[in-house]
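These notes are about the structure you will find just below.
There are 2 protein chains.
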Amino acid sequence: MQVKELASGIKKGNRIALAKGITLAENDAVGASKLLAQMGPPGKAFVVGITGPPGTGKSSLVDRLIEAYRRDGLRVGVIAVDPSSPITGGALLGDRIRMSEHAGDMNVFIRSMASRGWSGGLSRATSQVIRLMDAAGYDLILLETVGIGQADIEVVGVSHAVLVILMPGLGDDIQVSKAGLMEIGDIYVVNKSDLEGADVMVVNLLSLFRGSSRSPPVLKVSALSGEGIDKLRDAIDRIRRSFVAGDDDLRLKSVRGMIMETARGAAMERLAVVSESKAEVLARQVLAGKTTIEAAAARLSA
Amino acid sequence: MQVKELASGIKKGNRIALAKGITLAENDAVGASKLLAQMGPPGKAFVVGITGPPGTGKSSLVDRLIEAYRRDGLRVGVIAVDPSSPITGGALLGDRIRMSEHAGDMNVFIRSMASRGWSGGLSRATSQVIRLMDAAGYDLILLETVGIGQADIEVVGVSHAVLVILMPGLGDDIQVSKAGLMEIGDIYVVNKSDLEGADVMVVNLLSLFRGSSRSPPVLKVSALSGEGIDKLRDAIDRIRRSFVAGDDDLRLKSVRGMIMETARGAAMERLAVVSESKAEVLARQVLAGKTTIEAAAARLSA
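Residue numbers (numbering that gives the first Met the number 0), protein chains in the order written: chain A, 0 to 301; chain B, 0 to 301.
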């Protein structure tokens, strides 16, 4: 399919065209950027980033949110990203998708993406996939990261609202203060509210924010029973209403994140192309004392 | 202190000079590379990377290894890296260090390093700190990562031997196949061997490797009781003997990793310097439809 046809198919909401466009973004940076050049500026879909430690129930929560927003007739795109899983992550995400009860709903589009080593392709591709879904007319995009770490934090930086998902009993304060989670959330969610310690955790989180300049909502939910999902949705909608009303700051933040992620990804991809054999030759020179590691690194990126 | 004095202090094994050199590496890329230019090629110290999911007892295991190698009279450097913790990680690592029983031993040098956002400084600095410890005459460097994720995997890529630390009961197969841990380990350690499921996990790990081209040792240990530490140490020493005997491939692998990490870090640092206000301006142009995100990203890195 030509780029032009593909672009028009995506804009008409054709699922097969969208799937092809996403595959292009994953595999071909140049092709994807030609495709995206035909799409116009992003900013129609509201993007919710969902991050937090593994095992906190992010996927179940995503299912609940799909359910809630589908009831309102919104078209929902889901991107599950696993930056920490360079090789085998794809399979895990595959399971996650097969399990989803929404896989058959034509107004829900779920796609998983796994990292392929340190090429940086994931950073660039994630932002491109969001824009493709945006162009395809999805109203809401849920961007879920599976891992935890710097890369996840950067990935959700392209969102308009960030949910940080936690659960009781995993070393409460530590899991929040770790990984910079304190700084990035617009809404904090204590999932698995039926577990002992959920209330204490909410109190601890609130007190962590006291004294800081921010006071994001801290909500107790159970993705399992559905308890608290309405409140979570209300909290998301408070931000979404401002977005729909045309809030420029939210759009700017997201686009800035996309530019940064794309630049970062492109720099990594450039390095990956040159690196392996060239690094081998340079490493021999370093060991022979003919050059330094810093000079070798500079030549690698030159 | 002048760079020359600092360099000579470090080479004489002066702890204060080493500490100052490390701080330089953390804060001043250019200064650190001048300092390192006076150090000669790396490759005297044997570097053991230690990674795995949080909570598997990596720090206790590091304490045991320090103990074991100190009994042999080796001088041991320890670097605890938390790539997933851009802001508050330092404090956690601080606790880890205060807890160490080896903090008072003059032949043990422990240093923690936390990430500072996506500047890439950590990648570059970690490799520089290893080389400073190498120059300071440490025989063995234990490089422990606290998080789990792509960044951790890259960090341990500068090691001569990589230990992957796991424990029973955290979704056994998944924690290994996740995050590419299957590909990077030279030795797999099932810690907390007193817990139920340890034997099953060893069997599962062995079967994961069956059919692949690799068959790394899988060892059951208890950092708590000390059980199995001798065997772990034997496994490490099999690789270390080859290193001491002059194995070029091991040295090349490590130096190649250092060059790649330094190049990667330098690329990120360059981007971070230009980014914030420039990205803001570009984001406005993208939203106005005057440029694309790809073009903006290219101008950011140009």
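Even glycine gets a Cβ: it sits at the ideal position worked out from N, Cα and C.
Any C-beta of chain B sitting closer than 8 Å to the C-beta of residue i?
| i | result |
| --- | --- |
| residue 66 (chain A) | no |
| residue 48 (chain A) | no |
| residue 285 (chain A) | yes |
| residue 160 (chain A) | no |
| residue 60 (chain A) | no |
| residue 93 (chain A) | Unreliable placement is indicated for residue 93 (chain A), whose pLDDT of 46 sits below 50; the coordinate value is still reported in the next sentence. Not one chain B Cβ lies under 8 Å of residue 93 (chain A). |
| residue 142 (chain A) | no |
| residue 35 (chain A) | yes |
| residue 79 (chain A) | no |
| residue 282 (chain A) | yes |
| residue 296 (chain A) | yes |
| residue 27 (chain A) | no |
Kindly indicate if chain A contains any beta-carbon less than 8 Å away from that of residue i.
| i | result |
| --- | --- |
| residue 40 (chain B) | yes |
| residue 293 (chain B) | yes |
| residue 32 (chain B) | yes |
| residue 223 (chain B) | no |
| residue 250 (chain B) | yes |
| residue 279 (chain B) | yes |
| residue 126 (chain B) | yes |
| residue 17 (chain B) | no |
| residue 299 (chain B) | yes |
| residue 244 (chain B) | no |
| residue 44 (chain B) | no |
| residue 24 (chain B) | no |
Contact defined as beta carbons within less than 8 Å: I believe residue i pairs with residue j. What is the distance between those atoms, to the nearest angstrom?
| i | j | result |
| --- | --- | --- |
| residue 188 (chain B) | residue 220 (chain B) | 6 Å |
| residue 51 (chain A) | residue 165 (chain A) | 6 Å |
| residue 140 (chain A) | residue 183 (chain A) | About 17 Å; that fails the 8 Å criterion. |
| residue 241 (chain A) | residue 158 (chain A) | Not a contact, Cβ separation roughly 14 Å. |
| residue 56 (chain A) | residue 203 (chain A) | In fact, because the Cβ distance is near 19 Å, the residues do not count as touching under 8 Å. |
| residue 74 (chain B) | residue 106 (chain B) | 5 Å |
| residue 48 (chain B) | residue 121 (chain B) | Their Cβ separation, rounded to whole angstroms, is 14 Å, which puts residue 48 (chain B) and residue 121 (chain B) out of contact at 8 Å. |
| residue 258 (chain B) | residue 301 (chain A) | So it is not a contact: roughly 13 Å between Cβ atoms. |
| residue 18 (chain B) | residue 5 (chain B) | Wrong, their Cβ atoms sit about 10 Å apart, outside the cutoff. |
| residue 14 (chain A) | residue 108 (chain A) | 7 Å |
| residue 67 (chain B) | residue 228 (chain B) | 6 Å |
| residue 125 (chain B) | residue 78 (chain B) | 7 Å |
Since residue i meets chain C, which of its residues come closer than 8 Å, beta carbon to beta carbon?
| i | result |
| --- | --- |
| residue 288 (chain B) | No chain C appears in this structure, whose protein chains are A and B. |
What first and last residue would you give for the beta strand (DSSP E) that runs through residue i?
| i | result |
| --- | --- |
| residue 29 (chain B) | No beta strand (DSSP E) contains residue 29 (chain B), which is instead part of the alpha helix (DSSP H) from 28-36. |
| residue 68 (chain B) | It is not in any beta strand (DSSP E) - residue 68 (chain B) instead sits in the alpha helix (DSSP H) that spans 57-70. |
| residue 143 (chain B) | 139-144 |
| residue 110 (chain B) | 107-113 |
| residue 48 (chain B) | 45-50 |
| residue 165 (chain B) | 160-165 |
| residue 189 (chain A) | 186-189 |
Between which two residues does the alpha helix (DSSP H) containing residue i stretch?
| i | result |
| --- | --- |
| residue 219 (chain B) | Note, residue 219 (chain B): premise wrong, no alpha helix (DSSP H); beta strand (DSSP E) at 217-219. |
| residue 295 (chain A) | 292-300 |
| residue 8 (chain A) | 2-10 |
| residue 199 (chain A) | 197-208 |
| residue 232 (chain B) | 228-243 |
| residue 180 (chain A) | 180-183 |
Between residue i and the ligand GTP, is there a pair consisting of the residue's CB and a ligand heavy atom that are separated by less than 7 Å?
| i | result |
| --- | --- |
| residue 268 (chain B) | This structure does not include the ligand GTP; it has no bound ligands of any sort. |
Taking one C-beta from the stretch 261-279 of chain A and one from the stretch 21-31 of chain B each time, how about it: are there three or more such pairs within less than 8 Å? no
Assess, as a yes-or-no matter, whether the stretch 132-140 of chain B is touched by the stretch 4-15 of chain B under the definition of 3 or more beta carbon pairs within less than 8 Å. Flag = yes, the stretch 4-15 of chain B and the stretch 132-140 of chain B touch.
Listed in chain order, which residues of the stretch 253-269 of chain A have Cβ atoms closer than 9 Å to some Cβ of chain B? If the cut-off is 9 Å between Cβ atoms, the stretch 253-269 of chain A has 253, 254, 255, 256, 257, 258, 259, 260, 261, 262, 263, 264, 265, 266, 267 and 269 near chain B.
Contact set between the stretch 198-212 of chain B and chain A, restricted to residues whose Cβ is under 7 Å from the partner: Listed in sequence order: no entries.
Between the stretch 281-290 of chain B and the stretch 39-59 of chain A, are three or more C-beta pairs nearer than 8 Å? yes
Assess contact between the stretch 192-203 of chain B and the stretch 211-225 of chain B, defined as three or more Cβ pairs (one per stretch) separated by less than 8 Å. Is contact present? With contact defined as three or more Cβ pairs closer than 8 Å, the stretch 192-203 of chain B and the stretch 211-225 of chain B are in contact.
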